[in-house]
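S.K.: Just passing along the structure, written as structure tokens.
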Amino acid sequence: MDIIFESLDGLHAHTHLNEQTRRVLHTFRAPTVEYAPNYYLDNDIYQAMMFYPHQQDANLPHADEFSFVRFDVNGVDIIPKVGSKAQGVAKLAASLKVAPENVVAFGDNQNDREMLQSAGIGIAMGNAAPEIKAQADMTTTDCDHDGIENGLKSIGWI
């Protein structure tokens, strides 16, 4: 399985990426990935991704510590069980003294589901799957067609 670690300075691969992983990364226009198999040993990591088909879900290690949230048929975000995008947004809002009902979240994939549901206003991107759009309060255009700008306009923030 290919593993990519995300840090503040970029994406770092634990493996040499196979063609399937490269295709997934291309679909969301990921930046260049550096091959650095030991990067995670000496650097802070804020997120990791694994690339494999869902048939291998049963073989995942440390399921008691991590959630594996699918963002593509061949990719998952690895998230500590004690954290999520929704929890991160809530923590940031609380530290900024922003009421939960004044939080707006944008998302397009399975890994955004909880965040869209917990935000005061959850906005699905136009390219989101139908089940993600159903979780959101509204849908905007996709990121290639000014989705965030159009979403903010539709709620009167700009």
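Position in the sequence shown (first residue = 1) + 53 = my numbering.
Glycine residues also receive a C-beta, built at the ideal position from the N, C-alpha and C atoms.
For clarity, every value in this text was computed on a predicted model and none was experimentally measured.
Does the segment 54-67 touch the segment 91-110, meaning 3 or more C-beta pairs lie closer than 8 Å?
M.R.: Yes, the segment 91-110 touches the segment 54-67.
S.K.: Out of Thr-194, Asn-203 and Val-77, point me to the one whose CA is closest to Asp-45's CA.
M.R.: Since the first residue of the chain shown is 54 and the last is 211, residue 45 is not available in this structure.
S.K.: Starting from the Cα of Ala-152, find the closest Cα among Ala-158, Gly-160, Phe-159 and Ala-143 and give me that residue.
M.R.: Nearest C-alpha to Ala-152: Ala-143.
S.K.: Tyr-88 lies in the beta strand (DSSP E); which residues open and close that run?
M.R.: Tyr-88 -> beta strand (DSSP E) spans 86-88.
S.K.: Out of Gln-170, Met-168, Ile-211 and Asp-195, which has the shortest C-alpha to C-alpha gap to Ala-181?
M.R.: With distances taken between Cα atoms, Ala-181 lies closest to Asp-195.
S.K.: May I ask you to verify whether the segment 160-178 touches the segment 114-128, counting CB pairs closer than 8 Å and requiring at least 3?
M.R.: Verdict: yes, contact present.
S.K.: Do Ile-132 and Ser-148 come within 8 Å of each other at the CB atom, strictly closer than that value?
M.R.: Result no, Cβ atoms of Ser-148 and Ile-132 do not sit closer than 8 Å.
S.K.: Throw me the rounded Cβ distance for the Val-156 and Ala-172 pair, which I believe falls under 8 Å.
M.R.: Confirmed, about 5 Å.
S.K.: Go through the segment 100-174 residue by residue and report every complete run of the beta strand (DSSP E) that reaches 3 residues or more, in order.
M.R.: Runs found: 100-104, 119-125, 128-133 and 157-160.
S.K.: Out of His-115, Leu-145 and Gly-128, which one is the CA nearest neighbour of Lys-134?
M.R.: The shortest C-alpha separation from Lys-134 is found at His-115.
S.K.: Since I believe Glu-167 is in contact with Ser-137 (beta carbons under 8 Å), could you give me their beta-carbon distance rounded to a whole number of angstroms?
M.R.: At roughly 6 Å, the Cβ-Cβ gap stays under 8 Å, so Ser-137 and Glu-167 are in contact.
S.K.: In whole angstroms, what is the alpha-carbon distance linking Ala-158 and Glu-87?
M.R.: Cα to Cα, the separation comes out at about 30 Å.
S.K.: In whole angstroms, what is the alpha-carbon distance linking Lys-186 and Pro-84?
M.R.: Whole-angstrom Cα-Cα distance: 26 Å.
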